[in-house]
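Okay, structure first, notes after.
Protein chains in written order, with our numbering: chain A, 29 to 89; chain C, 153 to 869.
Written out as C-alpha cells, the structure reads:
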C-alpha cells in the first residue's frame with residue numbers, strides 16, 4: 029500500500045454510497061496482494077479518476 | 153436530525169440574526185436579493201467552510217460567522233464557525249445538557265491537518281456527511297430547467313450518484329475514452345480505430361529511423377560503457393607496461409655497466425673507487441627491481457628449494473583429497489538396516505495371527521508361517537547389520553590412515569612455514585604459491601641478485617664498507633663475469649624489443665577502441681541523439697499514459713456496474729414508493745437503467761421513458777429520486793433537504809402539483825423551500841407550513857409552537 033491509498037481522504041471515501049465510493053473500495057480490494065507496480069498503477073488511476081470527480085486536486089501523469 | 157436554527161453574525165446581509173426551522177415543510181420566502189441563497193449557503197459554509205468568503209463577509213468588516221443548531225434523537229448538535237479564521241466549535245449534548253462530544257479547532261474547506269481530519273470524522277459520525285460536494289449532491293435541490301430532456305435528467309442523476317454536484321461519471325468516462333483514442337487507435341474494448349493516432353505515428357517514425365534508432369537508449373549506453381571500461385583497463389595496463397619497460401631499460405644498463413665493471417676488475421687487481429660505486433648502484437637497482445616485482449628484498453639462496461618443497465607439500469595435500477572424497481562416498485553408500493520395516497512386518501503378522509486365533513481360522517499354520525516370516529526377516533536384518541558394522545569399521549580404519557598422512561603433511565607444512573618466517577618470507581601456503589609464481593616469472597632478476605657477492609646481497613648499500621670482503625670473495629670464487637652469459641645483454645635487448653612491440657600493439661588497440669567509442673557516440677548523436685531519442689522518450693510516455701487511461705477506464709466501468717448492482721434496485725424501490733405516493737398511485741413504479749435513464753411503469757405494466765411524460769410528472773419523478781437517494785445516503789440521519797426555488801419555471805397549475813409533491817415528501821423529514829414567489833404564502837398558511845419571511849434584511853420568523861393551532865400562519869398575510 030502506498031501513501032494515497034492509506035490517506036484519510038480515501039478512508040472517508042470508502043464509506044460513501046456513491047460511484048466514487050464504490051470505486052475507492054474496488055481499488056483498495058485490488059491493491060490487496062497486488063505487486064508494487066500494479067499498486068502504483070492503481071493509485072495513479074484512482075488519483076486521475078478522483079481528480080475528474082473533483083474529489084481531490086492534481087492529476088496523475 | 154432536524155435543523156433547528158441558523159444563526160448569523162455579519163454573514164451577508166444578516167447581522168446578529170437567528171432563523172428558526174421546524175420539522176416537515178419550511179418556507180423561506182422573500183423577493184430577489186432578500187438573502188434566500190445566502191441563507192441556504194450558510195449551511196454548507198458552516199459545516200465545511202467556504203472559499204467564497206468575499207460573498208458573505210460585509211465590506212469593511214473583519215468578522216463573519218454563523219452557527220447551525222441540529223436536534224434529534226435526544227441530542228443537540230451546535231456547530232459554530234468563524235468564516236474568517238475557519239475556527240470551528242462543535243458541541244454535541246444530550247437531553248440533560250451534558251456534553252457527549254465536542255471539537256474546537258481550525259477546519260478550513262480544503263484543510264488536511266489532523267485537526268481538520270478530526271473535525272470531519274466527528275461530522276461524519278454525527279451527521280453522516282463529511283464532504284461538501286457530496287452534501288450538495290445529496291441535500292441541495294437547485295433551480296430546475298424549464299423542460300427536462302431525457303438525457304439532461306439522466307445526466308443530472310448520474311452526477312448525483314457519482315457523489316459530486318458537478319461531475320457526471322459517464323461524462324468522465326467519455327473524456328477518458330476520448331483522451332485514450334487521441335493517443336492510440338488500439339481499442340482493448342472493441343474494434344481498433346481505423347486511423348493511426350500519435351502512438352502509431354511515433355512507432356512508425358521510429359521504425360523508419362532504422363534498427364539503430366529502434367534500439368532502446370539504455371542498450372546504447374551500456375555498450376559505450378563497456379568500451380569505456382575496456383579503454384580504462386587497457387590504459388592502466390599500458391601504463392604498467394611502460395613502467396616495466398623503463399625498468400627493463402635500466403636493468404639492461406645495469407647489466408651492461410656490470411659487464412664493463414667486471415672487465416675492469418679483471419684487468420685491474422686493486423679495486424678502484426669507480427667500480428665500487430658502480431657495484432653499489434647496481435645492487436641498489438636490483439633491490440628496487442625485486443621490490444617492484446613483489447619479491448622479498450633479500451631473497452635467500454635456497455628460496456627455490458623452499459618453494460619446491462612447498463609445492464611438494466601442496467601436491468601431497470591435494471593428493472589426499474581424492475581418497476577422502478572416495479571414503480566419504482563409500483560411507484554414504486553403506487546400506488542401512490530396515491528396522492522400521494521389520495517392526496511393521498512383526499506388527500502386521502501379530503495382528504493377522506491374533507485375528508486367526510480370534511476367528512479360529514487355521515490359527516496354528518498362520519502362527520507358524522508368521523514365525524517363519526519374522527525369523528527370515530530378522531535374519532536378513534541381522535545380516536545387514538553385521539555388513540554395516542564391518543563396512544563402517546573398514547572405513548574408520550582407512551580414515552585413520554588418511555588422517556595420519558594428513559597430519560604428517562600438515563607437520564611438514566608447519567615446519568616449512570617456520571623456516572620461511574625465519575628467513576623473512578611469507579609463511580602461508582597461499583602466499584608461497586604466489587611467491588612461486590613471482591619467482592618463476594622473475595627468474596633472471598633473482599639469478600642476477602644471487603649472482604652478486606654474498607656481502608653485497610646482505611648489505612644495505614654500504615658498498616664501501618664491504619669492499620674488502622667483496623674483493624676476498626672475488627678472489628676465492630673468481631670473477632662474476634665468468635658465470636654471466638656473454639650474450640646476456642643482447643638477449644635482454646631482444647626481449648625488451650619484443651615487449652616494446654607488444655606495447656605498440658596494445659597502444660594501437662587502445663586507439664582503435666577510442667575511435668570506436670567516438671564513432672559510437674557520433675552515430676548515437678546522429679541517429680538517436682536527436683529525433684530518435686525524443687521519439688523513443690515520447691513513445692514511452694505515451695505507453696505509460698495509455699496504460700494509465702486503460703486502467704482508469706476499466707476501474708470506472710467496473711465501479712459503475714458494481715454501483716448499479718448494489719444500489720440501483722434499492723433506489724428504484726425507494727423512489728417508486730415515493731413517486732406512487734406523490735402521483736396518488738397513478739404510477740406504481742419507476743426504473744433506472746444502467747445509464748440512469750428513468751422509465752415509468754404505466755397501465756398494462758408497460759415501461760415508458762420519462763421524457764415522454766409531462767413536465768410535472770418528470771419533476772415529481774426527479775424529486776422522488778432525489779429524496780430516495782438522500783434516504784439511502786444519510787442512513788436515517790435525515791438532514792434537511794434544501795430546495796432553492798426549484799420550481800421557478802412552473803406555471804400555477806404545475807406549481808400546485810409540485811408543492812403537493814414536496815409536501816408529501818416532507819412528511820418523513822424536513823424540507824426547507826426557498827422561494828421568491830409570494831403567492832406561496834397562501835399555500836403555506838393553508839398547509840400550516842413554517843414560514844420564514846425575508847424582506848430585504850428584515851427577518852421575521854413565525855413564533856408559533858410547532859404543531860400549534862396557528863402554526864405556519866404567514867406573517868405577511
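Ideal Cβ positions, reconstructed from N, Cα and C, are used throughout, including at glycine.
Report yes if the C-beta distance between residue i and residue j is below 8 Å; otherwise report no.
i, j, result
"residue 33 of chain A", "residue 71 of chain A", "yes"
"residue 324 of chain C", "residue 81 of chain A", "yes"
"residue 727 of chain C", "residue 776 of chain C", "yes"
"residue 465 of chain C", "residue 586 of chain C", "no"
"residue 260 of chain C", "residue 201 of chain C", "yes"
"residue 230 of chain C", "residue 240 of chain C", "no"
"residue 438 of chain C", "residue 600 of chain C", "yes"
"residue 177 of chain C", "residue 224 of chain C", "no"
"residue 720 of chain C", "residue 182 of chain C", "no"
"residue 160 of chain C", "residue 194 of chain C", "yes"
"residue 276 of chain C", "residue 255 of chain C", "no"
"residue 220 of chain C", "residue 199 of chain C", "yes"
"residue 687 of chain C", "residue 351 of chain C", "no"
"residue 55 of chain A", "residue 715 of chain C", "no"
"residue 59 of chain A", "residue 703 of chain C", "no"
"residue 830 of chain C", "residue 780 of chain C", "no"
Would you give the residue range spanned by the alpha helix (DSSP H) that residue i belongs to?
i, result
"residue 565 of chain C", "515 to 574"
"residue 40 of chain A", "36 to 42"
"residue 54 of chain A", "47 to 59"
"residue 499 of chain C", "491 to 511"
"residue 286 of chain C", "284 to 291"
"residue 198 of chain C", "188 to 200"
"residue 354 of chain C", "350 to 360"
With DSSP as the reference, label residue i as helix, strand or coil.
i, result
"residue 246 of chain C", "strand"
"residue 475 of chain C", "helix"
"residue 731 of chain C", "helix"
"residue 345 of chain C", "coil"
"residue 159 of chain C", "strand"
"residue 69 of chain A", "helix"
"residue 265 of chain C", "coil"
"residue 218 of chain C", "strand"
"residue 765 of chain C", "coil"
"residue 695 of chain C", "helix"
"residue 82 of chain A", "coil"
"residue 745 of chain C", "coil"
"residue 830 of chain C", "coil"
"residue 448 of chain C", "coil"
"residue 486 of chain C", "coil"
"residue 168 of chain C", "coil"
"residue 260 of chain C", "coil"
"residue 751 of chain C", "strand"
"residue 88 of chain A", "Here residue 88 of chain A scores only 45 on pLDDT, less than 50, and its place in the model should not be relied on; the value that follows carries that caveat. Coil at residue 88 of chain A, not helix or strand."
"residue 665 of chain C", "helix"
Cβ of residue i within 7 Å of any heavy atom in the ligand PLP?
i, result
"residue 718 of chain C", "This structure lacks the ligand PLP; in fact it carries no ligand of any kind."
Which two residues bound the contiguous beta strand (DSSP E) that contains residue i?
i, result
"residue 602 of chain C", "Residue 602 of chain C -> not in any beta strand (DSSP E); alpha helix (DSSP H) instead, spanning 595 to 603."
"residue 335 of chain C", "Residue 335 of chain C -> not in any beta strand (DSSP E); alpha helix (DSSP H) instead, spanning 321 to 335."
"residue 759 of chain C", "759 to 761"
"residue 827 of chain C", "822 to 827"
"residue 233 of chain C", "227 to 234"
Check the C-beta distance from residue i over to residue j and give it rounded, since I have them as a contact under 8 Å.
i, j, result
"residue 335 of chain C", "residue 705 of chain C", "Their Cβ separation, rounded to whole angstroms, is 12 Å, which puts residue 335 of chain C and residue 705 of chain C out of contact at 8 Å."
"residue 814 of chain C", "residue 773 of chain C", "Residue 814 of chain C to residue 773 of chain C, Cβ: 13 Å. No contact."
"residue 192 of chain C", "residue 794 of chain C", "5 Å"
"residue 123 of chain C", "residue 448 of chain C", "Only positions 153 to 869 of chain C appear in this structure, which leaves residue 123 of chain C out of reach."
"residue 142 of chain C", "residue 644 of chain C", "Only positions 153 to 869 of chain C appear in the structure, and residue 142 of chain C is not among them; the question remains open."
"residue 700 of chain C", "residue 386 of chain C", "Not a contact, Cβ separation roughly 47 Å."
"residue 42 of chain A", "residue 53 of chain A", "5 Å"
"residue 262 of chain C", "residue 252 of chain C", "At roughly 28 Å, the Cβ-Cβ gap does not stay under 8 Å, so residue 262 of chain C and residue 252 of chain C are not in contact."
"residue 258 of chain C", "residue 267 of chain C", "6 Å"
Does the region 466 to 475 of chain C come into contact with the region 490 to 500 of chain C, if we say contact requires no fewer than three beta-carbon pairs (one atom in each stretch) closer than 8 Å?
no
I'd like to know if the region 160 to 169 of chain C and the region 202 to 221 of chain C are in contact, where contact means that at least 3 CB-CB pairs between them fall below 8 Å.
yes
Spell out a yes or no on whether the region 282 to 293 of chain C and the region 212 to 225 of chain C are touching, meaning 3 or more CB-CB pairs, one atom from each, closer than 8 Å.
no
The region 390 to 400 of chain C contacting the region 655 to 666 of chain C, beta-carbon criterion three pairs below 8 Å
yes
With three or more beta-carbon pairs closer than 8 Å as the criterion, would you say the region 825 to 832 of chain C touches the region 167 to 174 of chain C?
no
Given 8 Å, three or more beta-carbon pairs between the region 499 to 519 of chain C and the region 534 to 546 of chain C
no
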